[in-house]
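Chains as they are written, first to last, in the numbering used here: chain A, 2 to 271; chain P, 12 to 367; chain E, 38 to 330. Reading through the structure tokens given below for one structure.
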Amino acid sequence: MDLGSTELTSTAHTLLPPLLKLENISLAFKGVKAITDISFEVQAKRITALIGPNGAGKSSLLNVINGVYQPQAGTITFKQIPHKQMTPRYAAQQGIARTFQNIALFKGMSVLDNLLTGRTLKRHSTWLEQAFRVGRAPREDRSNREYVEQLIDFLDLTAWRKTLVGTLPYGIQKRVELGRALAAEPTLLLLDEPMAGMNAQEKQEMSEFIRAINREFGTTIVLIEHDLSVVMSLSNHLVVLDYGKKIGDGSPEEVRHNPEVIAAYLGTRH
Amino acid sequence: MLFTEAGQLATSYKAEQKLFRLRQDYVAFGILLFLAFVALPYWGSDYWFNAILIPFLVLSLAGLGLNLLTGYAGQLSLGSAAFMAVGAFATYNLELRIPDLPLLFSILGGGLFAAASSVIFGLPSARIKGFYLIVSTLAAQFFIQWLFTKFSWFSNGSTSGVITAPPLVMAGYDFSTPVGRYLLTLSIVASLFLIARNLVRSELGRHWMAVRDRDTAAAVMGIPILKTKLLAFGMSGFILGIAGALWAFTYLGTVEPHGFDLTRSFQILFIIIIGGMGSLLGNFLGAAFIVLLPILLSQLIGLLPANHWVDIGQLENAQKIIFGGLIIFFLIKEPDGLARLWQRCRERARIWPLRY
Amino acid sequence: MNFFFEVLVGGLLAGVMYSLVAIGFVLIYKASGVFNFAQGAMVLFAALTFVSLLERGVPFWLCFLMTLAVMIVLALGIERWVLAPLANRSPITLFMATLGLSYVIEGLAQLLWGAQVHGLELGIKDEPFIIGGIFLSQFDLFAAGIALSLVIILSIFFNKTQIGLSLRAVADDTLAALAVGIRLPKVWVIVWSVAGFVGLVAGLLWGARVGVQFSLSLIVLKALPVLIIGGFTSIEGAIVGGLIVGASEKLAEVYLGSVIGGGIENWFPYVLALGFLLIRPAGLFGEQAIERV
């Protein structure tokens, strides 16, 4: 991806309202502040990265966006609808899907079943229709299965379709989790350290998948990643956090030259 | 070749959804049905029906009820026997108070009452997780047992709460002989297992397992957690209720609330631990084990020459030690139970004569 | 009003006995994360062993020491054959293992010592006496005294000794404790032995009260709601929970039981515990964990 075209699209997109807008979000656990007064915007169809040292509040922020945590203050505006708080189910219904830092797959289920579970909200048949395989259920079974099989091809998981995910290697599990989130056909995909614990080649592969998802499905992506070289090449927009506060926000180039960010990363006192 | 499956490929997604995938499975299932419905009734003795087959079938069904809740949906329960009691007493009262209601409907009604009470005691699962939940199920166990003992209305005025089987007549056919009771039980158990097989492979089954494996992730995908849990409680209660009605009326003939005490709940939990949690076949294997082990033990003790010191009480204690020991053994060595053992044998057979 | 206080105090004192069983639970839960359903069976086993030795003419203090030794052997066996092979398994698996364990211990106790009821005389007269117009049971007061001293001994043991320190370290952070060289199996054996000791004391008091018999193992079912109310990790919680359960169960039996029919003390504590749980899901003294994802 060359820098020139990124600049172009970035100006084109800022004219549109952002897909997600966080305003003055604060979150505390029993008085301990995890996030303090954070605001930023996520443009549609872009890749935004949250970076910052451990404990900076990145994961907490993702949890706020999809309703796992409820912030004490601030507004989350998604698709121009403002919310004080989200709930996980409502966020999913609005088209937000995510993966987790420590893989949270359904270990006792096959790859196929894990991905099928991701399509839960695409179903309208009741459990009784499903139990007796009548009404809308068989048609849904077939269409969901077809969609999931395409995803399995896309993510190169064909060899493990019927394997229990608990027995798969780490890197593959990460990919299955990505697939499960993608199965929901999300508008916004939140990835919490999708490349943690991977070697260089696996990171390369995962980056390609993320780029391809963004390109082919038009999915907006917010990701957390520690490897700065990966982040810089992958994302269009960076948000830098430290101690629960935002210290940088902008294109990779801008963030790279932000003195506060450099200080945080090199450990200078501020 | 008995186990050759070459060439039997599923060519459509629909083909994969069938009851079984392999031709051999259909043949085996057919033979099993023939044995159960035709051969056994023809050759079996009354002892076999009364002491082995009927309790085996009913306990398998009870195991299924608990397995849906604990093995599939991951909600630990120590109150299974209470919901069996609700099923038995509700069926009895439906027969008693609505004279023209066909027996099958009374049994289904008993299941529905049990389902409702199970959902009520499942409501706290909205807030309580893990084994804190056993408080709710133990509350059900003690409260329901007390209810049926205390209020003789439920047992039509019997002071000790004893209820007796209604006439087992269905569509003009009398099912009260041992063979008849066996066939009645078998038909109900077999149909419920078929429904359960569909259910656990459906979207709801996946929701149950998702909640069991990672409830936070399940919520994030939009799975309604409470509804999923309550459906598990409801289905579990429904099946346990029917198992209770069968236990009371096709197996024992007469039962008191005490017959559905905590020990019974433990017995059902042991069935699914030994048989295999999250496995339908496991319920049969576990129930067979629980029914056959005591018989086997007493036979063995009978063979001992110096059995003057072995009284019945001691036999019971020995049984307890063996059961308890086996539970620990299974949890350590084979947490997925006999069902996993069976699966391994099957996989061996599929690739035989190769080793792997 | 006097009657009310009599019921209340009687209930509180009975609650102390529940606390005694619950303390054994808390010890084991803190050190090994195991929810030990076999605590009741241990009470039965200890009491039966003690009383059977006593009936064979062994002096009281020797019976006590011998039973203690037996409980330590039992703890060793449990560590070796149950806990060690099940290390790192889910809490629910461990709970079910202790369910199996309770069957083994109950069966063993009765296989060894028989199933008949044994009387047990601790030499305390159970004559009621009156303080401020309220009838009190001397025996209950004695039991409360024992429980109090047990709590004091345990807190000294936990707070002042080296072993106590390692126990608390394990309870606080098992991995960190391992990293500084604390040997987990040893800690487990000690804590299960201490729980056996607490079980012995509880068994003697309960045995003197209701006779040493199988139903002793069922007091585990009373201790459960106590723990739920007090939280699994707090000895103070176990005491307070016991008092709450004891008092409310007696009051409910007297005042509520007369309305809806007696015999409600089996389920009432559970409904009470359920009520507490719905308000505070981690118990009165338990810490609510923040879910990390």
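Yeah, the Cβ is synthetic: ideal placement off N, Cα and C, and Gly gets one too. For clarity, every value in this text was computed on a predicted model and none was experimentally measured.
Legend entry - Beta-carbon proximity check, residue 124 (chain E) vs residue 279 (chain E), cutoff 8 Å: No, these two residues do not count as a Cβ contact at 8 Å.
Legend entry - Reference residue 119 (chain E), options E:61, E:200, E:211, E:229, closest by Cα: The shortest C-alpha separation from residue 119 (chain E) is found at E:229.
Legend entry - Contact check, residue 75 (chain P) vs residue 260 (chain P), beta carbons under 8 Å: The Cβ-Cβ distance between residue 75 (chain P) and residue 260 (chain P) does not fall below 8 Å.
Inset, instruction - Kindly confirm or deny that the region 288-304 of chain P and the region 71-91 of chain P touch, where touching means at least three C-beta pairs closer than 8 Å. - result: Taking a cut-off of 8 Å on C-beta distances, the region 288-304 of chain P touches the region 71-91 of chain P, as three or more cross pairs fall below it.
Legend entry - Supposed contact pair residue 67 (chain P) and residue 266 (chain P) - C-beta distance, whole angstroms, cut 8 Å: About 18 Å separates the CB atoms of residue 266 (chain P) and residue 67 (chain P); that is not less than 8 Å, and the two are not in contact.
Inset, instruction - Compute the distance between the beta-carbons of residue 243 (chain P) and residue 293 (chain P), then report whether it is under 8 Å. - result: For residue 243 (chain P) and residue 293 (chain P), no; Cβs fall outside 8 Å.
Inset, instruction - Compile a chain-ordered list of the residues in the region 213-226 of chain P whose CB is closer than 8 Å to at least one CB of chain A. - result: Listed by position along the chain: 213, 214, 215, 217, 218, 220, 221, 223, 224, 225.
Legend entry - Check: residue 165 (chain P) C-beta below 7 Å from any heavy atom of the ligand COA: The model on display carries no ligand, and the ligand COA is accordingly not part of it.
Legend entry - Exposure label - residue 355 (chain P); buried when at least 16 CB within 10 Å: So residue 355 (chain P) counts as exposed.
Legend entry - the region 107-122 of chain A in contact with the region 143-151 of chain A per 3-pair CB rule at 8 Å: With a cut-off of 8 Å, the region 143-151 of chain A and the region 107-122 of chain A count as touching, because enough Cβ pairs lie within range.
Inset, instruction - Assign residue 228 (chain P) to one of two classes, buried (16 or more other C-beta atoms within 10 Å of its C-beta) or exposed (fewer than that). - result: Answer is buried; the Cβ neighbour count reaches 16.
Legend entry - Pick from A:68, A:19, A:208, A:84 that is closest to residue 75 (chain A), judged by C-alpha positions: Among A:68, A:19, A:208, A:84, the Cα nearest to that of residue 75 (chain A) is on A:84.
Legend entry - Short-range partners of chain P found in the region 53-79 of chain E, where Cβ spacing is below 8 Å: From the region 53-79 of chain E, only 72 have a Cβ closer than 8 Å to chain P.
Inset, instruction - Spell out whether any CB of chain P is found under 8 Å from the CB atom of residue 141 (chain E). - result: For residue 141 (chain E), the answer is yes, since a Cβ of chain P falls inside 8 Å of its Cβ.
Inset, instruction - Flag residue 134 (chain E) as yes if its beta-carbon sits less than 8 Å from any beta-carbon of chain P, otherwise no. - result: Between residue 134 (chain E) and chain P, the shortest Cβ-Cβ separation is below 8 Å.
Legend entry - Residue of P:364, P:362, P:168, P:339 minimising C-alpha distance to residue 114 (chain E): Considering only alpha carbons, the answer is P:339.
Inset, instruction - Counting only runs of 4+ residues fully inside the region 232-320 of chain E, write out the alpha helix (DSSP H) ranges in chain order. - result: At a cut-off of 4 residues, the continuous stretches assigned as alpha helix (DSSP H) that sit fully inside the region 232-320 of chain E are 257-267, 272-288, 294-297, 305-316.
Inset, instruction - Please say whether residue 136 (chain E) and residue 74 (chain E) have beta carbons closer to each other than 8 Å? - result: In this structure, residue 74 (chain E) places its C-beta atom within 8 Å of the C-beta atom of residue 136 (chain E).
Legend entry - Member of E:199, E:91, E:45, E:56 whose CA lies at the smallest distance from the CA of residue 266 (chain E): Of the candidates E:199, E:91, E:45, E:56, the residue whose Cα lies closest to the Cα of residue 266 (chain E) is E:56.
Inset, instruction - Hey, could you find the ends of the beta strand (DSSP E) residue 75 (chain A) is sitting in? - result: Counted as a single uninterrupted DSSP element, the beta strand (DSSP E) harbouring residue 75 (chain A) occupies residues 74-79.
Legend entry - Segment limits, beta strand (DSSP E) that includes residue 93 (chain E): Here residue 93 (chain E) belongs to no beta strand (DSSP E), and DSSP marks it neither H nor E.
Inset, instruction - Please name the residues in the region 42-55 of chain A whose beta-carbon is closer than 9 Å to at least one beta-carbon of chain P, in chain order. - result: The region 42-55 of chain A vs chain P, Cβ under 9 Å: nothing.
Legend entry - Closest by C-alpha distance to residue 274 (chain A), when choosing among A:53, A:34, A:158, A:187: A query on residue 274 (chain A) cannot be resolved here, the shown segment of chain A reaching from 2 to 271 and no further.
Legend entry - CB of residue 393 (chain P) within 8 Å of CB of residue 89 (chain P), strictly: Beyond the ends of chain P as shown, which are 12 and 367, falls residue 393 (chain P); an answer cannot be given.
Inset, instruction - Output yes if chain P places a C-beta closer than 8 Å to the C-beta of residue 89 (chain A); else output no. - result: Yes, residue 89 (chain A) counts as interfacial toward chain P.
Inset, instruction - Rank E:293, E:215, E:92 by C-alpha distance to the C-alpha of residue 158 (chain E) and give the top, closest one. - result: Taking only the C-alpha atoms, the option nearest residue 158 (chain E) is E:92.
Inset, instruction - Name the two residues that bound the continuous alpha helix (DSSP H) containing residue 175 (chain A). - result: Unbroken alpha helix (DSSP H) run through residue 175 (chain A): 171-183.
Legend entry - chain P contact for residue 121 (chain A) (CB, 8 Å cutoff): It does; some Cβ of chain P falls within 8 Å.
Inset, instruction - Measure from the alpha carbon of residue 69 (chain A) to the alpha carbon of each residue in A:51, A:109, A:98, A:41, then state which is nearest. - result: For residue 69 (chain A), the nearest C-alpha among the options comes from A:98.
Legend entry - Interface flag, residue 160 (chain A) vs chain P, CB-CB below 8 Å: Answer no: the Cβ-Cβ gap between residue 160 (chain A) and chain P never drops below 8 Å.
Inset, instruction - Taking all protein chains shown into account, decide if residue 19 (chain A) is buried (16 or more other Cβ within 10 angstroms of its Cβ) or exposed. - result: Looking at its Cβ environment, which holds 16 or more other Cβ atoms inside 10 Å, residue 19 (chain A) is buried.
Legend entry - Neighbour list for residue 110 (chain P) in chain E, Cβ cutoff strictly below 8 Å: Against chain E, the beta carbon of residue 110 (chain P) has no neighbour under 8 Å; the closest one sits roughly 29 Å away.
Legend entry - Closer than 8 Å to chain P by CB, residue 303 (chain E): Taking Cβ atoms only, chain P reaches closer than 8 Å to residue 303 (chain E), which makes this a yes.
Inset, instruction - Leaving aside the five residues before and after residue 251 (chain A) along the sequence, list all residues of the same chain whose C-beta is less than 8 Å from its C-beta, in chain order. - result: Here the set comprises 238, 239, 259.
Legend entry - Element boundaries [alpha helix (DSSP H), containing residue 282 (chain P)]: Run containing residue 282 (chain P): 273-286, per the alpha helix (DSSP H) assignment.
Legend entry - contact_flag[the region 292-306 of chain E, the region 77-89 of chain E] where n(CB pairs < 8 Å) is 3 or more: Contact fails: fewer than three Cβ-Cβ distances are below 8 Å.
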